[in-house]
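Q: Following this message is one structure expressed as structure tokens.
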């Protein structure tokens, strides 16, 4: 039996109509039926948009109506939230509090006018122009509904937002001009800093603000040099109604950016722990969230982070929401226990006793549902019924005789053992230093080891803790660029995505396919190379 994690793409389906949960569920069910997977469903990993969970619940209703299905598929326990997305949402709450998006600014302006009971017509303002401007603003919402913001937070963080705003505006101006980019490249070379392009903040891209700040701080000397000289240089076009010196970042500005960078480094690092598709990641969820939470709480209590304390509290409140949703699902605790490096050591140390005991109780219930009463192996029965001929196997007289007797005894003990003995034996054994957790369970899946726990591991450790591996299918490779996508039919686009996945996952090898093609051509020409 092969004990290694594998990833396959089964569909890349165009969703007709709106992205409602029912439409998502219908696509999932059709895909499962295409591959006859109704009775083989495990867990669903998706980002945290509400329509995804609705789609999973819709899927469950259809799947659970399958005739002859003995065990119901429970969506609340089978829904694994993408932790990269959850961590990013918490970081986004921190960022949005410091540097609100246009949508939030507009909402605050409207609220301020409403609270002040201002009569705009009396002020002689052009209401049509104002309404037109407000209506044209892109209202891009979060995946989850935002809480109402405290209007005082904008005033509290105004100077901090100015620093971020200047940095964002400066990078946007440089990136928009080829001449400015060329001059900035010279600034990097003259100041002995890495020659790197500046990064824009893409609000919908995970950890984008951290990447933006990280790049800014890396080339800080070059940015200061650029701002100081760009306005007087003939190599850089003059800005309209402004100058590059308007975006000069002083020492206090840089200190604020460094502070923000330090805070965002934590979720950016945490996010990376969930992105692997080659090894288990779900077991990391609870410890990583708890460590991030404690780190941010410590930051919020330090005087050095006073200016961003309110933003940190916003991020922590959002993080706590995801943590509560995670701890309601059994898979996270079970995956933690199934890591022989950890077992229950972490929860016994970090959790309150009642929470640890609740997790252990649920683990026992799941273990019992996986338990299969063992029977003596057929090989042992045949060995008992056959006369044993004395031999000198392994250089020792009677070696096979002794081995068969021991094996029979082990099988008998295993058959008569209580189901709880296996779980108890695993939990009470010393922690082990294991690099390949999946390989560990492959080696310990035999009847004399942990057969029931190995069956659990085969199901639970295959759960993906992030939706990133499946999302990479859309963005990877050059065959599906925007220009080409717009000219492809839906069917052709899906076929290309599945083909890319087949190559990426090793089902198709370009070298082998080319070799087979050449061999066919060679056979057709009877070995005459001059005909090729």
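Numbering (my numbering), first residue to last: 381 to 912.
No residue lacks a Cβ here, since even glycine has one placed at the ideal position from N, Cα and C.
#1: Quick one: grab the DSSP three-state call for residue 554.
#2: Quick one: measure Cβ to Cβ for residue 913 and residue 549, integer angstroms, because I've assumed they're closer than 8 Å.
#3: Assign residue 399 to buried or exposed, taking buried as 16 or more other Cβ atoms, counted over all protein chains shown, within 10 Å of its Cβ.
#4: To the nearest whole angstrom, what separates the beta carbons of residue 842 and residue 465, a pair I think is in contact under 8 Å?
#5: Find the nearest neighbour of residue 410 within the set 425, 438, 428 and 644, judged by alpha-carbon distance.
#6: When you compare the region 442 to 451 with the region 692 to 699, are there three or more beta-carbon pairs, one atom per stretch, that lie closer than 8 Å?
#7: Rounded to whole angstroms, what's the CA-CA distance from residue 596 to residue 617? Just pull it up for me.
#8: Among residues of its own chain, excluding the 5 on either side of residue 878, which ones have a beta-carbon nearer than 7 Å to its beta-carbon?
#9: If you draw a straight line from the alpha carbon of residue 825 to that of residue 874, how long is it in whole angstroms?
#10: Using CA atoms only, rank isn't needed, just tell me which of 654, 658 and 659 is closest to residue 667.
#11: Take the Cβ of residue 575 as the centre, count every other Cβ of all protein chains shown within 10 Å, and call the residue buried at 16 or more, exposed below.
#12: Between the alpha carbons of residue 434 and residue 708, how many angstroms are there, rounded?
#13: Ignoring anything shorter than 4 residues or poking outside the region 637 to 695, list the alpha helix (DSSP H) runs there in chain order.
#14: Do you know how far the Cα of residue 637 is from the Cα of residue 601?
#15: First and last residue of the beta strand (DSSP E) that includes residue 461?
#16: Compute the Euclidean distance between the alpha carbons of residue 468 and residue 455, then round it to the nearest angstrom.
#17: Apart from the five residues just before and just after residue 685, which ones in its own chain have a Cβ nearer than 8 Å to its Cβ?
#18: Using the beta-carbon count (16 or more within 10 Å), is residue 382 buried or exposed?
#19: Under 9 Å between the Cβ atoms of residue 541 and residue 470?
#20: Can you find the residues in the same chain that come closer than 8 Å, C-beta to C-beta, to residue 746, ignoring five residues on each side of it along the sequence?
#21: Report all residues from its chain with a CB closer than 6 Å to the CB of residue 764; omit the five preceding and five following residues, and keep chain order.
#22: Classify residue 800: buried if its beta carbon has 16 or more other beta carbons within 10 angstroms, exposed otherwise.
#23: Am I right that residue 449 and residue 547 are in contact with their C-beta atoms under 8 Å? What's the rounded C-beta distance?
A: On the basis of the coordinates in this document:
#1: Three-state DSSP puts residue 554 in a helix.
#2: This structure gives no information on residue 913, because the portion of the chain shown stretches from 381 to 912.
#3: Within a 10 Å sphere around the beta-carbon of residue 399 sit fewer than 16 other beta-carbons, which makes this residue exposed.
#4: Rounded to the nearest angstrom, the Cβ distance from residue 842 to residue 465 is 20 Å, too far for a contact under 8 Å.
#5: Distances from the CA of residue 410 to each of 425, 438, 428 and 644 were compared; the closest alpha carbon is that of 438.
#6: They do not touch, by the three-pair rule.
#7: Distance between residue 596 and residue 617, taken at the CA atoms: about 22 Å.
#8: 389 and 392, listed in sequence order.
#9: Looking at the two C-alpha atoms, the distance is approximately 38 Å.
#10: Distance check between residue 667 and each of 654, 658 and 659 places 654 closest, using alpha-carbon atoms only.
#11: It is exposed - the Cβ of residue 575 has fewer than 16 other Cβ atoms within 10 Å.
#12: If I take the Cα positions, the gap works out to 17 Å.
#13: Correct list: 665 to 681.
#14: Here the C-alpha atom of residue 601 lies approximately 14 Å from the C-alpha atom of residue 637.
#15: Start and end: 459 to 461.
#16: Their backbone Cα atoms lie some 24 Å apart in a straight line.
#17: These residues qualify, in order along the chain: 639, 643, 679 and 692.
#18: In summary, residue 382 is exposed, with fewer than 16 beta-carbon neighbours lying within 10 Å of its beta-carbon over all protein chains present.
#19: Between residue 541 and residue 470, the CB-CB gap reaches or exceeds 9 Å.
#20: If we look at residue 746 and ignore the five residues flanking it on each side, its Cβ neighbours are 710, 714 and 836.
#21: Low confidence applies here, because residue 764 scores a pLDDT of 45, under 50, leaving its location unreliable and the question unanswered by this model.
#22: Taking all protein chains shown into account, residue 800 has fewer than 16 neighbouring C-beta atoms within 10 Å of its C-beta and is therefore exposed.
#23: With 8 Å as the limit, residue 449 and residue 547 do not qualify as a contact, their Cβ atoms being about 56 Å apart.
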